[in-house]
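**Student:** The structure follows.
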Amino acid sequence: MTDPRSDRRRPADARDRHWYIDKFFEILMFLCGISAILFVVGIFLFVFREGLGFILQDMNFSEFFFSPKWRPTSLVRPTYGILAMVAGTAAVTVLAMAICLPVSIGAAIYIAEFAKGRTRETLKILIEFLAAIPSVVWGFIALSIMNPLIIDLFDAPMGLGVLNSALILALMAAPIVTSLAEDAFKAVPDTYREAAEALGATRWQAIRQVVLPAARNGLLSAGLLGVGRAFGETMAILMSSGHSINIPTSIFDSFRALTATIAAELGETAVGSPHYRALFAIGIFLFLITFLINMAADFIVRGVRKG
Amino acid sequence: MFEATSVNHHNDRVQKQVKILFGIMLALLIIPMVVIVATLLIKGSPIVNLSFIFEDPKDGMTAGGIFPALLGTIWLVAVSLLASVPLGVAAAIYLSEYAPDNLLTRLIHLATINLAGVPSIVHALFGVGAFVVFFRFGTSILAASLTLAIMTLPVVIVSSWEALQSVPRSFREACWNMGATRWQTIWHVVLPNAITGILTGVILQVSRAAGETAPIMFTGAAMFLPFLPNSVFDQTMALALHLFVVATQVPNVPESLPFGVALVLVGIVLLMNSVAIWIRLRLRRKKKW
Numbered sequence: 001m002t003d004p005r006s007d008r009r010r011p012a013d014a015r016d017r018h019w020y021i022d023k024f025f026e027i028l029m030f031l032c033g034i035s036a037i038l039f040v041v042g043i044f045l046f047v048f049r050e051g052l053g054f055i056l057q058d059m060n061f062s063e064f065f066f067s068p069k070w071r072p073t074s075l076v077r078p079t080y081g082i083l084a085m086v087a088g089t090a091a092v093t094v095l096a097m098a099i100c101l102p103v104s105i106g107a108a109i110y111i112a113e114f115a116k117g118r119t120r121e122t123l124k125i126l127i128e129f130l131a132a133i134p135s136v137v138w139g140f141i142a143l144s145i146m147n148p149l150i151i152d153l154f155d156a157p158m159g160l161g162v163l164n165s166a167l168i169l170a171l172m173a174a175p176i177v178t179s180l181a182e183d184a185f186k187a188v189p190d191t192y193r194e195a196a197e198a199l200g201a202t203r204w205q206a207i208r209q210v211v212l213p214a215a216r217n218g219l220l221s222a223g224l225l226g227v228g229r230a231f232g233e234t235m236a237i238l239m240s241s242g243h244s245i246n247i248p249t250s251i252f253d254s255f256r257a258l259t260a261t262i263a264a265e266l267g268e269t270a271v272g273s274p275h276y277r278a279l280f281a282i283g284i285f286l287f288l289i290t291f292l293i294n295m296a297a298d299f300i301v302r303g304v305r306k307g
Numbered sequence: 308m309f310e311a312t313s314v315n316h317h318n319d320r321v322q323k324q325v326k327i328l329f330g331i332m333l334a335l336l337i338i339p340m341v342v343i344v345a346t347l348l349i350k351g352s353p354i355v356n357l358s359f360i361f362e363d364p365k366d367g368m369t370a371g372g373i374f375p376a377l378l379g380t381i382w383l384v385a386v387s388l389l390a391s392v393p394l395g396v397a398a399a400i401y402l403s404e405y406a407p408d409n410l411l412t413r414l415i416h417l418a419t420i421n422l423a424g425v426p427s428i429v430h431a432l433f434g435v436g437a438f439v440v441f442f443r444f445g446t447s448i449l450a451a452s453l454t455l456a457i458m459t460l461p462v463v464i465v466s467s468w469e470a471l472q473s474v475p476r477s478f479r480e481a482c483w484n485m486g487a488t489r490w491q492t493i494w495h496v497v498l499p500n501a502i503t504g505i506l507t508g509v510i511l512q513v514s515r516a517a518g519e520t521a522p523i524m525f526t527g528a529a530m531f532l533p534f535l536p537n538s539v540f541d542q543t544m545a546l547a548l549h550l551f552v553v554a555t556q557v558p559n560v561p562e563s564l565p566f567g568v569a570l571v572l573v574g575i576v577l578l579m580n581s582v583a584i585w586i587r588l589r590l591r592r593k594k595k596w
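From first to last, the protein sequence lines are chains A and B.
The first sequence maps to residues 1 to 307 in my numbering.
The second sequence maps to residues 308 to 596 in my numbering.
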């Protein structure tokens with residue numbers, strides 16, 4: 001009699017058909033899992049690949065960042081300055097967030113802390129519908145509904161500009177910020193609220209002094225993702241901004257966004273030309289900024305979970 | 308006995324005012340949406356009928372229907388689903404069933420967030436740089452659909468991951484104890500129990516992909532084509548781009564035409580979302596565990 005464990009023909013972890021199938025799928029799932037990383041790296045590499053020539057050859061660093069003159073098609077001397085577009089994008093993002101953040105956080109407090117049962121579910125579904133409306137439809141709304149409305153209400157010469165874009169962006173970013181803020185409130189344990197109310201605080205006092213501070217990081221991250229969304233929006237801004245290159249000085253001024261410039265001009269450029277590469281250089285800039293915003297937002301939230 | 312003091316009265320008043328204030332903020336989000344949908348319905352519905360949906364655009368796109376654009380959107384969405392659903396579900400299976408809590412998993416998580424956060428126009432640049440130029444697909448349905456697929460991949464990954472996570476661990480343990488391998492457990496137990504949740508994510512992805520404009524406008528969608536696409540290497544029209552074109556690029560368009568296009572687009576998107584929500588609510592009610 002030999003010890004069954006020494007029987008080499010049938011070891012306990014028999015590498016039979018099922019073992020190989022199992023391993024095969026484990027490796028396949030792993031490859032699909034890391035594909036997300038490959039795509040992000042791929043996006044960076046391919047956008048960089050097309051834009052690199054511009055950065056190395058045609059780009060004048062100080063002109064690119066500090067000149068408001070974007071004249072890529074000039075026959076005499078093309079200039080590639082993105083300052084006006086950066087200013088336009090920044091102005092509209094700031095105004096949109098000034099409108100969106102208070103409203104979204106207020107709405108999130110209502111949904112998370114005051115609404116109950118079926119009402120809450122219905123409100124959440126409506127917010128989800130708001131998030132589903134496509135960007136190009138928002139742009140069309142800006143042209144056909146907001147534009148005449150702004151001209152009538154404010155007696156402005158033109159309804160396309162910073163105000164119009166900011167209102168549209170605020171409405172577009174609001175559902176995301178609202179649902180993330182609501183998640184942040186939901187993450188605060190009920191025991192916090194109960195403790196505050198047991199001490200005699202009203203619901204509002206508990207929210208203001210206990211829930212809001214506890215949800216602070218989650219709210220900050222929600223706000224950052226809202227900024228990222230507004231900053232990267234393309235079609236809606238292209239259609240609502242008026243698309244003229246100047247640094248806006250009033251909320252009724254027309255402006256031009258970085259994203260919209262790419263969308264408007266990429267179709268007219270020849271592959272490989274300096275203009276085409278300059279648009280990719282703007283793409284690199286957009287990618288890096290949104291990358292940083294997303295990282296920061298995630299870092300802030302993860303800090304909370306660790307603590 | 309306790310008697311309400313002026314401080315209590317004050318607090319109650321503040322509480323009521325605050326509640327009304329937040330209610331108004333919520334209304335500021337919901338009323339515009341209702342107004343928008345109502346306006347689209349009022350101005351668009353007179354033009355939307357069967358012939359609008361099944362006819363070609365006429366007279367330089369100032370009349371006629373939207374059929375080629377609608378068909379093109381179906382092409383683009385279908386091809387992008389073929390690419391992104393298997394990949395996204397598999398990625399979710401890895402994250403939910405295999406991934407250890409390590410740096411690599413963390414990187415996948417961060418990459419998914421970034422994929423969702425990169426501006427749509429940067430996805431478009433990637434599509435041009437990678438699929439149109441580098442892989443030489445040209446401006447084609449294939450290039451546009453792959454761009455869309457990568458852009459909407461996070462939607463599938465996140466919703467499939469949630470669906471897989473909602474299957475109780477005890478289901479898996481019971482199966483492992485019967486001697487099943489990891490993959491057998493996933494295939495026969497975990498996936499069947501998560502499939503409805505995954506389906507919800509796929510539907511939401513359809514809704515997302517159907518509405519995107521920027522990623523397809525330089526990779527495969529054309530403003531106007533006199534013929535329908537025959538294969539994935541042809542260009543196509545698309546509904547979202549068609550709305551942009553009739554709203555901004557074509558002169559002398561009757562006012563109702565872009566409203567009709569917008570109504571059909573929003574109708575498709577909201578219908579998809581409603582189906583997803585309906586499945587989700589039904590699932591929640593039917594859950595056995």
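Positions of the beta carbon are idealized from the N, C-alpha and C atoms, including for glycine.
For A/G88, is the beta carbon positioned less than 7 Å from some heavy atom of the ligand ZN?
**Tutor:** This structure simply doesn't include the ligand ZN, nor any ligand for that matter.
**Student:** Kindly say whether A/G218, judged by its beta-carbon, lies nearer than 8 Å to any beta-carbon of chain B.
**Tutor:** Position 218 of the first sequence, counted from the start, is the residue given in the question as residue 218 of chain A. No, A/G218 does not count as interfacial toward chain B.
**Student:** Return yes when the Cβ of A/I111 is within less than 8 Å of the Cβ of B/L328, no when it is not.
**Tutor:** Within the second sequence, the letter at position 21 stands for residue 328 of chain B. Within the first sequence, the letter at position 111 stands for residue 111 of chain A. Cβ atoms of B/L328 and A/I111: not closer than 8 Å.
**Student:** Looking only at DSSP bridge pairs, what is A/W70 linked to?
**Tutor:** Against the first sequence, residue 70 of chain A aligns to sequence position 70. In DSSP, A/W70 forms a bridge with A/Y80.
**Student:** Within the same chain, show all residues whose beta-carbon is closer than 7 Å to that of A/F44, passing over the 5 residues directly before and after it, in chain order.
**Tutor:** For the purposes of this step, residue 44 of chain A is taken as the residue at position 44 of the first sequence. Closer than 7 Å at Cβ, skipping near neighbours: F287.
**Student:** For the candidate residues B/F540, B/A517, B/G518 and B/L546, whose alpha-carbon lies nearest to that of B/F531?
**Tutor:** Looking up residue 531 of chain B in the second sequence gives position 224. Out of B/F540, B/A517, B/G518 and B/L546, B/L546 has the C-alpha closest to the C-alpha of B/F531.
**Student:** For a contact meaning CB atoms closer than 8 Å, what does B/S514 contact in chain A?
**Tutor:** Reading the second sequence from its first residue, position 207 is the one you call residue 514 of chain B. Going along chain A in sequence order, the residues near B/S514 (Cβ under 8 Å) are A132.
**Student:** Please name the residues in the region 421-432 of chain B whose beta-carbon is closer than 9 Å to at least one beta-carbon of chain A, in chain order.
**Tutor:** Listed by position, the residues of the region 421-432 of chain B near chain A (Cβ gap below 9 Å) are N421, L422, A423, G424, V425, P426, S427, I428, V429, H430, A431 and L432.
**Student:** Measure from the C-beta of A/M97 to each C-beta in chain B and report whether the shortest distance is under 8 Å.
**Tutor:** In the first sequence, residue 97 of chain A corresponds to position 97, counting from 1. No, A/M97 lies away from the interface with chain B (no Cβ there is under 8 Å from its Cβ).
**Student:** Assuming A/T261 contacts A/M29 (C-beta within less than 8 Å), just tell me the rounded distance between them.
**Tutor:** As a working note, residue 261 of chain A is residue 261 in the first sequence. As a working note, residue 29 of chain A is residue 29 in the first sequence. The pair is not a contact, with the Cβ atoms about 41 Å apart (cut-off 8 Å).
**Student:** Starting from B/E305, trace the alpha helix (DSSP H) both ways and give me its first and last residue.
**Tutor:** No statement about residue 305 of chain B is possible, as the shown extent of chain B runs from 308 to 596 and does not include it.
**Student:** What's the C-alpha gap between B/I349 and A/A187?
**Tutor:** The residue labelled residue 349 of chain B in the question sits at position 42 within the second sequence. The residue labelled residue 187 of chain A in the question sits at position 187 within the first sequence. The alpha-carbon atoms of B/I349 and A/A187 are separated by roughly 41 Å.
**Student:** Indicate whether at least one CB of chain B lies closer than 8 Å to the CB of A/N147.
**Tutor:** Residue numbering aside, residue 147 of chain A sits at position 147 when the first sequence is read from its first letter. False, the Cβ-Cβ gap to chain B never drops below 8 Å.
**Student:** Return no unless some Cβ of chain B is closer than 8 Å to the Cβ of A/S35.
**Tutor:** Mapped onto the first sequence, residue 35 of chain A falls at position 35. It does; some Cβ of chain B falls within 8 Å.
**Student:** Straight-line CA distance for A/E113 to A/T191?
**Tutor:** Against the first sequence, residue 113 of chain A aligns to sequence position 113. Against the first sequence, residue 191 of chain A aligns to sequence position 191. Using only the alpha carbons, I get a separation of about 14 Å.
**Student:** So is A/S6 in contact with chain B if we call contact Cβ pairs under 8 Å?
**Tutor:** Here residue 6 of chain A corresponds to residue number 6 of the first sequence, with the count starting at 1. Below a pLDDT of 50, predicted positions are generally treated as unreliable, and A/S6, at 48, falls in that range; no measurement from the model is reported.
**Student:** Where B/F540 and B/M524 are concerned, what is the direct C-alpha to C-alpha distance, given to the nearest angstrom?
**Tutor:** Working through the second sequence from its first residue, we reach residue 540 of chain B at position 233. Working through the second sequence from its first residue, we reach residue 524 of chain B at position 217. Computed Cα separation, rounded: 15 Å.
**Student:** Comparing alpha-carbon positions, which option in A/F252, A/E194 and A/A181 lies nearest A/N217?
**Tutor:** Taking the first residue of the first sequence as position 1, residue 217 of chain A is located at position 217. Closest by alpha carbon: A/A181.
**Student:** Could you tell me the distance, in whole angstroms, from the CA atom of B/G504 to the CA atom of B/L471?
**Tutor:** Here residue 504 of chain B refers to the residue found at position 197 when the second sequence is read from its first residue. Here residue 471 of chain B refers to the residue found at position 164 when the second sequence is read from its first residue. Going from the Cα of B/G504 to the Cα of B/L471 covers about 8 Å.
**Student:** Taking Cβ-Cβ distances below 8 Å as the criterion, which residues of the region 278-294 of chain A are in contact with chain B?
**Tutor:** Hits within the stretch, in order: L279, F280, G283, L286, F287, T290, F291, I293 and N294.
**Student:** Counting only Cβ pairs nearer than 8 Å, list the residues of chain A close to B/G330.
**Tutor:** Here residue 330 of chain B refers to the residue found at position 23 of the second sequence. The contacting residues are Y110 and F114.
**Student:** Mapping the DSSP letters down to three states, classify B/K593 as helix, strand or coil.
**Tutor:** Along the second sequence, one-based indexing puts residue 593 of chain B at 286. B/K593 falls in the helix class under three-state DSSP.
**Student:** For B/V342 and B/A437, I'd like the C-alpha separation in whole angstroms.
**Tutor:** Sequence index remark: in the second sequence, residue 342 of chain B carries index 35 (1-based). Sequence index remark: in the second sequence, residue 437 of chain B carries index 130 (1-based). So the two alpha carbons sit approximately 41 Å from each other.
**Student:** Just checking, does the region 394-403 of chain B make contact with the region 465-484 of chain B on the three C-beta pairs under 8 Å criterion?
**Tutor:** In short, these stretches touch, since the Cβ pair count reaches three.
**Student:** Using only CA atoms, which one of B/L535, B/G574, B/F534 and B/A501 lies nearest to B/A517?
**Tutor:** In the second sequence, residue 517 of chain B corresponds to position 210, counting from 1. Here the closest residue by C-alpha is B/G574.
**Student:** Starting from A/M29, find everything on chain B with Cβ-Cβ shorter than 7 Å and list it in chain order.
**Tutor:** Taking the first residue of the first sequence as position 1, residue 29 of chain A is located at position 29. Within chain B, the residues near A/M29 are A397, I400, Y401 and Y405.
**Student:** So, for A/V92: in the same chain, excluding its five sequence neighbours on each side, which residues have a beta-carbon less than 6 Å away from its beta-carbon?
**Tutor:** In the first sequence, residue 92 of chain A corresponds to position 92, counting from 1. Counting only Cβ-Cβ distances below 6 Å, and skipping sequence neighbours, we find V162, S165 and A166.
**Student:** Counting only the same chain and skipping the five closest in sequence on each side, list residues whose C-beta sits under 7 Å from that of B/L347.
**Tutor:** As a first step, residue 347 of chain B is located in the second sequence; it is residue number 40 there, counting from the start. Correct list, in chain order: F566, A569, L570 and V573.
**Student:** Would you please verify whether the beta carbon of A/V162 is less than 8 Å from any beta carbon of chain B?
**Tutor:** Translated into positions along the first sequence, residue 162 of chain A becomes position 162. So, not an interface residue.
**Student:** Near B/L590, which residues of its chain fall below 6 Å by C-beta distance, leaving aside the five closest residues on each side in sequence?
**Tutor:** Looking up residue 590 of chain B in the second sequence gives position 283. Once the five neighbours on either side are set aside, the close Cβ partners of B/L590 are T503.
**Student:** Taking B/G367 as the reference, which of B/P533, B/L588 and B/K593 has the closest Cα?
**Tutor:** What you label residue 367 of chain B is simply residue 60 of the second sequence in a count that begins at 1. Minimum Cα distance to B/G367 is reached at B/P533.
**Student:** Mind checking if A/T202 is an interface residue toward chain B, Cβ cutoff 8 Å exclusive?
**Tutor:** Translated into positions along the first sequence, residue 202 of chain A becomes position 202. Closer than 8 Å: yes.
**Student:** Under 7 Å Cβ-Cβ, which residues of chain A neighbour B/G379?
**Tutor:** Numbered from its first residue, the second sequence carries residue 379 of chain B at position 72. Neighbours of B/G379 on chain A: none; closest Cβ ~14 Å, over 7 Å.
**Student:** Counting beta carbon pairs with one atom in the region 124-137 of chain A and one in the region 288-299 of chain A, are three or more of them shorter than 8 Å?
**Tutor:** No, they do not touch.
**Student:** State buried or exposed for B/W585, treating a residue as buried only when at least 16 other CB atoms are found within 10 Å of its CB.
**Tutor:** Locating residue 585 of chain B in the second sequence gives position 278, where the first residue counts as 1. With fewer than 16 other Cβ atoms within 10 Å, it is exposed.
**Student:** Look at the alpha carbon of A/V76 and the alpha carbon of A/A270, and state the distance between them as a whole number of angstroms.
**Tutor:** Here residue 76 of chain A refers to the residue found at position 76 of the first sequence. Here residue 270 of chain A refers to the residue found at position 270 of the first sequence. Cα to Cα, the separation comes out at about 19 Å.
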